[in-house]
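With the sequence shown counted from 1, adding 176 to any position gets you our numbering.
Positions of the beta carbon are idealized from the N, C-alpha and C atoms, including for glycine.
Source: prediction; values computed, not measured.
Encoded as structure tokens, the structure appears first; notes follow it.
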Amino acid sequence: MESDAKVERMLKSAADGRPITKAEATLLLGLPETSLEASLLRATATAVNRRRFGNSGLLLGQIGVDMAPCEGDCAFCFFAKSNTSIQPALLSTDEIIARCERFARGGAQGVFLMTMHRFGLEWFRDLCAELRRRIPAQLEILANVGDVTASQLQEFRAAGVTVTGAYHVCRIREGVDSCMTPADRRKTIERILEAGLSWYNMCEPLGPEHTPEELVEQMWLGVDLPCTQHGVMQRFPVPGSPLYHHGQVSLSRLGQVVALVALAIIGRENVKSIAVNVYNLVGLFSGTNAFFPEAGEPDEQAIQTEAVQGREGFTAAL
Ligand code: SF4
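If you want it as structure tokens, here you go:
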């Protein structure tokens, strides 16, 4: 079996240090995930990533601290207000601290605190302040919250809360599969950067129905703006949600998409790691070097549902 010469040239050039272009990325995303060329793509991204990051990895943790029917109403999400039966609940501060300590013992560098799209800013600010006093000093606090205004961010910083970074994404089909607008999502990302916080980004929520063109458009926001982490998150099908019938991508497709991310951000010094949302070896051999496992939420009330049985955490529900 011989590989396509054009693809081979592109990959050789990327391995030599030239980032791939949008047109090349679109072509490479159109390859069948089982093809020889897709395997070469994943192998090239692995080599590029390992050379770039000195074969080192990054572990972060994620804790869902707030659960409620969510106004974001994403058509794929377990918490979407139109589809969920979840009752509002906050995780206790002591439990959050216990989970942070476990992450720190396990070698995590930071922990994302995740809320719904709308969340209590003062509550979150006070929670972060208390955590900063009580969790291991080396564990970074990272926010994964809804859209915020510039004045909210300023208030947050004025309070001296040591949040070092924030996860925020203008999702694939934002505004079509969600109740948020791409413009608002992008504005929040720009505010995060203006506030001097590290911006954590992903190409998500990846599903089988997404075309190479829309994936490239979405992932390039993290090429054009200076993210600290790029990566890919796959979508899990939530029974009863409007997008359930699409199913989910295979690990090899997930690897193919994240391999593209790794080759697109060649030379972007701001990117310190490349992640996939779920722990898997395919990701580690497709150009990633970071994971952010969760601490086992949602709790029992959510575990009753088929959506999260056999899986752990918000990632499955989201
Ligand atoms: S993905 Fe996030 S914003 Fe959208 S419904 Fe779920 S929790 Fe809300």
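Which listed residue (the options) has its alpha carbon closest to that of residue i
i, options, result
"W299", "L267, A326, Q314 and R281", "L267"
"H386", "L419, A284, L329 and N465", "L419"
"V183", "I311, L436, P384 and G459", "L436"
"D353", "M186, A223 and C250", "C250"
"A199", "N446, Q328, M395 and L427", "M395"
"E350", "A190, E380 and I365", "E380"
"H293", "Q285, K257 and A326", "K257"
"E209", "L373, P264, P388 and E366", "P388"
"H421", "S327, F252 and T364", "F252"
"T404", "P384, F254, G443 and D323", "G443"
"G237", "N320, V408 and Q263", "N320"
"S417", "N259, S179 and C246", "N259"
"V454", "L207, A191, E390 and M378", "M378"
"I441", "T464, L318 and L457", "T464"
"F295", "C246, Y376, S449 and V408", "C246"
"P469", "Q285, D180, S189 and F332", "Q285"
"V337", "Y376, C346, L297 and W375", "L297"
"L303", "V241, F255 and R347", "V241"
"W375", "V339, C355, A359 and I348", "V339"
"D360", "G248, F229 and A221", "G248"
"V345", "D192, A221 and H406", "H406"
"I138", "A326, E390 and F229", "Here the chain covers residues 177 to 494 and nothing more, so residue 138 does not appear."
"Q410", "R281, I348 and R227", "I348"
"Q328", "C355, A313, R367 and G341", "R367"
"E520", "A313, R301 and R194", "Outside the displayed range of the chain (177 to 494) lies residue 520, so it cannot be described from this structure."
Separation of residue j from residue i, as counted between CA atoms
i, j, result
"V392", "F412", "21 Å"
"I196", "G423", "29 Å"
"V452", "A334", "33 Å"
"G398", "L315", "25 Å"
"G459", "A371", "31 Å"
"V414", "L427", "18 Å"
"N446", "A244", "34 Å"
"V224", "L382", "23 Å"
"L401", "V324", "18 Å"
"P384", "T357", "22 Å"
"G283", "Y343", "20 Å"
"A201", "L207", "10 Å"
"L204", "F279", "36 Å"
"T179", "I317", "Going by the sequence as given, residue 179 is Ser instead of Thr. Rounded to whole angstroms, S179 to I317 spans 45 Å at the Cα level."
"G472", "A181", "Legend: pLDDT at G472 = 46, less than 50; position of this residue unreliable, value from coordinates given subsequently. Near 46 Å, if we compare the C-alpha coordinates of A181 and G472."
"N456", "S462", "10 Å"
"I311", "C276", "7 Å"
"S449", "K188", "22 Å"
"R185", "L439", "14 Å"
"A190", "E213", "14 Å"
"P264", "F255", "10 Å"
"G341", "V408", "18 Å"
"G322", "R228", "32 Å"
"P193", "A221", "Correcting the residue identity first, residue 193 is Gly in this sequence and not Pro. Roughly 11 Å between the two C-alpha positions."
"L390", "V425", "First, the residue type needs correcting, since residue 390 is Glu and not Leu in the sequence shown. Their Cα atoms are separated by approximately 16 Å."
"K363", "C355", "16 Å"
"A313", "L369", "23 Å"
"I262", "F467", "27 Å"
"I239", "R281", "15 Å"
heavy atom of the ligand ATP below 7 Å from residue i C-beta
i, result
"T222", "Of the ligands one can find in the structure shown, namely the ligand SF4, none is the ligand ATP."
C-beta neighbour in chain B for residue i, strict 8 Å
i, result
"D192", "The displayed structure is made up of one protein chain only, and chain B is not part of it."
>> With three or more beta-carbon pairs closer than 8 Å as the criterion, would you say the region 306–322 touches the region 284–294?
In response: yes
>> Does the region 429–437 come into contact with the region 203–221, if we say contact requires no fewer than three beta-carbon pairs (one atom in each stretch) closer than 8 Å?
In response: yes
>> Threshold first: 3 residues or longer. Then list the beta strand (DSSP E) segments lying entirely within the region 203–286, N to C.
In response: 234–240
>> I need the residues with a C-beta less than 6 Å from some heavy atom of the ligand SF4; please give them in chain order.
In response: C246, G248, D249, C250, C253, F255, A256, M292, H293, S354 and L494
> With a cut-off of 8 Å, do at least 3 Cβ pairs link the region 267–277 to the region 223–236?
Replying inline: no
>> Which complete beta strand (DSSP E) runs does the region 346–423 hold, if anything under 3 residues is left out?
In response: Secondary structure within the region 346–423: the beta strand (DSSP E) runs of 3 or more consecutive residues, fully enclosed, are 374–376, 379–382 and 405–410 (chain order).
> Where in the region 300–350 do unbroken runs of the alpha helix (DSSP H), each at least 4 residues long, occur, reported from the N-terminal end onward?
Replying inline: 326–334
> At which residue ranges does the region 431–461 contain complete beta strand (DSSP E) runs of 3 or more residues, listed in the order of the chain?
Replying inline: You should have 449–452.
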